[in-house]
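Under UniProt numbering, the first residue of the sequence shown carries the number 1, and numbering increases by one thereafter.
First comes the structure, then the notes that go with it.
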Amino acid sequence: MDPQGGDGGLAFRGPHSRPHEKVKLRKRKSTLYSGAQDKGAGHRRDLLGENIYLVLFTIALRIFNCFLVQTSFVPDEYWQSLEVAHHMVFNYGYLTWEWAERLRGYTYPLVFASIYKILHLLGKDSVQLLFFCQLCSWFTWYCCTRTLTNTMETVLSIIALFYYPWEGSKSMNSVTYSFLVALAFIIRPTALIPWVPLLFRHFWQERRKLDLILHHFVPVGFVTLSLSLVIDRIFFGQWTLVQFNFLKFNVLQNLGTFYGSHPWHWYFSQGFPVVLGTHLPFFIHGCLLAPKRYRILLVSVLWTLLVYSMLGHKEFRFIYPVLPFCMVFCGYSLTHLKSWKKPALSFLFLSNMLLALYTGLVHQRGTLDVMSHIQKFCYNSPNKSSASILILMPCHSTPYYSHVHCPLQMRFLQCPPDLTGKTQYLDEADIFYLNPLNWLHKEFHNDASLPTHLIIFSVLEEEISAFLTARNYERTAVFFHTHLPEGRTGSHIYVYEQKLNGKLNRRLRRIEDSLLSSDYRTLSRKGSSRI
């Protein structure tokens, strides 16, 4: 038989066929037959996948997601990205102590600085079920549009998994996936933790181990690390390996506990269950059903939780990068539910969307709303230097110049950690909250140095009410913040403005009246002398 090409089908010339007559075989949908035919098309699909409409839907959903997240999560989403980028482009703003100690690199803020610069120049400031689990995860909805380094770390890890050499994968590319992992490490060094088991697995299964190291891992590591060194050399003014400084501070010295600590089991008892939410039972069920080749993902999740449990300072966002790993097992669970599949999907969607909408639109939105209010001072006040803002809240509670985008005089309570080894160290915020009224009287013994506006949480109002009354401050705005106030964080945020009416205004009127009366007497004397 002599095969001939024609419209993707195969033509055979046999003893029972007429001369020059082509017989077209029906195309088969089986993967056994489609593998060879789709080999060339697979390169064209690549990362977009087979369903372009699903990709477009995902993009549209995440754009919609951006508009439905109007709350704050943690200070780092502003202070370690947007605020730094704003300072890089506009030459004013605030750099936290991490930048003075060179614990952070400029590679990630440079992304946002480029956007700021462009706007400034322009003049203007079971795969389907797995996919479903990832899309409707409340924590993914809550975090994926934020400017946290953890978000970028997670995105790069997801793309790297696509190119990871899984068994039977057609998209495997050792250079691509290792470059993405290296880039995630440059942005946030702890991004390497979930990848340690995966990298060891790849090395163990690779036949040409030396070739893998010398021709893939080493060149990729050298290029990305060199890029990071050059960028930080430009902005710090000296050669700095920020990745080592970061690991030294947070891992080796464990100084992150200055910002709070939790017991060793916190990730297992609270952090991981909260991040997974209602996906948790499906994750456990899926772990028992998933194929053997995906057990390495479970090992990676457990390894990450164990490593982070050894550190004192713990946060929900630290384990966000392993959430996509967990969704693989959730997808396998839903695949085997059969008759319970539709109720389970409905339950997951409704439970996660309610939580996503609440955390994205309601919970902790006050700190963003109050900065939008402050921004109006720039446009309503003809003299920008006349307004001054003092934020009397736990440090870094609000964004800063990256959101106001106006060189107003602003100040907040600072809280850099002690790097000198003092035993009884208290930062400015701690000193203030020990005795707020006493701190205010010492700090502003002279009325001339008083700020025009104070921003406080509602829990502080009663404690400093005597100072507010004595200095003629009046509440001018109230913003809801949270239904779950805790400690120094109140349910509402109050904006106080110093008014010239009241006692001060009456004093000015008396002075004015006395001056007018003395001028009148002087004029009358001159007039009588002329007569």
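Using N, Cα and C, we set each Cβ at its ideal position, and we do this for glycine too.
- Under the rule that a run must span 4 or more residues, the alpha helix (DSSP H) segments found entirely inside the segment 148 to 191 read 149 to 163, 174 to 187.
- Approximately 6 Å separates the beta-carbon atoms of Phe377 and Leu408; this is inside 8 Å, confirming the contact.
- If you look at His492, you'll find it in the beta strand (DSSP E) that goes 492 to 498.
- When Cβ pairs closer than 8 Å are counted between the two stretches, the segment 351 to 363 is seen not to touch the segment 328 to 338, the count staying below three.
- Counting other Cβ atoms within 10 Å of its Cβ, Tyr379 stays below 16 and is therefore classed as exposed.
- If you draw a straight line from the Cα of Asp369 to the Cα of Cys133, it comes to about 31 Å.
- Contact fails between the segment 170 to 178 and the segment 389 to 405, because fewer than three Cβ pairs, one in each stretch, are under 8 Å apart.
- When secondary structure is reduced to three states using DSSP, Val478 falls in the strand class.
- Taking the C-beta atoms as reference points, Met152 is found no nearer than 8 Å to Ile193.
- When C-alpha distances from Tyr496 are compared across Glu474, Thr489, His483, the shortest belongs to Glu474.
- Ranked by Cα distance from Phe412, the first of Val301, Leu95, His445 is Leu95.
- Shown here for Thr149: same chain residues with a beta carbon closer than 8 Å to its own, the five before and five after excluded, namely Asp76, Gln80, Ser81, Tyr108, Ile187, Arg188 in chain order.
- From the listed residues Tyr142, Cys143, Phe203, the smallest Cα separation to Trp166 is found for Phe203.
- Taking a 10 Å sphere around the C-beta of Ser228, we find 16 or more other C-beta atoms and assign the residue as buried.
- Here the C-alpha atom of His481 lies approximately 11 Å from the C-alpha atom of Gln70.
- Around the beta carbon of Cys143, a 10 Å sphere encloses 16 or more other beta carbons of the protein chains shown; the residue is thus reported as buried.
- Leu450 and Arg471 do touch by the CB rule: their CB atoms are close to 6 Å apart, below 8 Å.
- Out of Phe282, Val322, Met310, Pro324, the CA that lies nearest to the CA of Pro343 is found in Phe282.
- Between Leu212 and Ala184, the beta carbon gap of about 19 Å keeps them out of contact (Cβ cut-off 8 Å).
- Apart from the 5 residues on each side of it in sequence, Ala60 has no Cβ closer than 8 Å to any other Cβ in its chain.
- Exposure of Lys170 is indicated by the presence of fewer than 16 other C-beta atoms within 10 angstroms of its C-beta.
- DSSP places Leu390 in the strand class (E or B) of the three-state scheme.
- Cβ contact annotation for Gln498 (same chain, cutoff 7 Å, sequence separation greater than five): Leu450, Thr452, Arg471, Asn472, Tyr473, in chain order.
- Of the residues assessed, Gln253 falls on the exposed side of the cut-off, its CB having fewer than 16 other CB atoms within 10 angstroms.
- For Glu486 and Asn352, the gap between their C-alpha atoms comes out near 24 Å.
- Taking the CA atoms as reference points, Pro324 sits about 15 Å from Phe316.
- Counting every other CB atom within 10 Å of its CB across the protein chains shown gives Cys287 a total of 16 or more, marking it as buried.
- Each residue's CA atom was taken as its position, placing Met371 and Pro291 some 50 Å apart.
- In the structure shown, the three-state DSSP call for Arg411 is strand.
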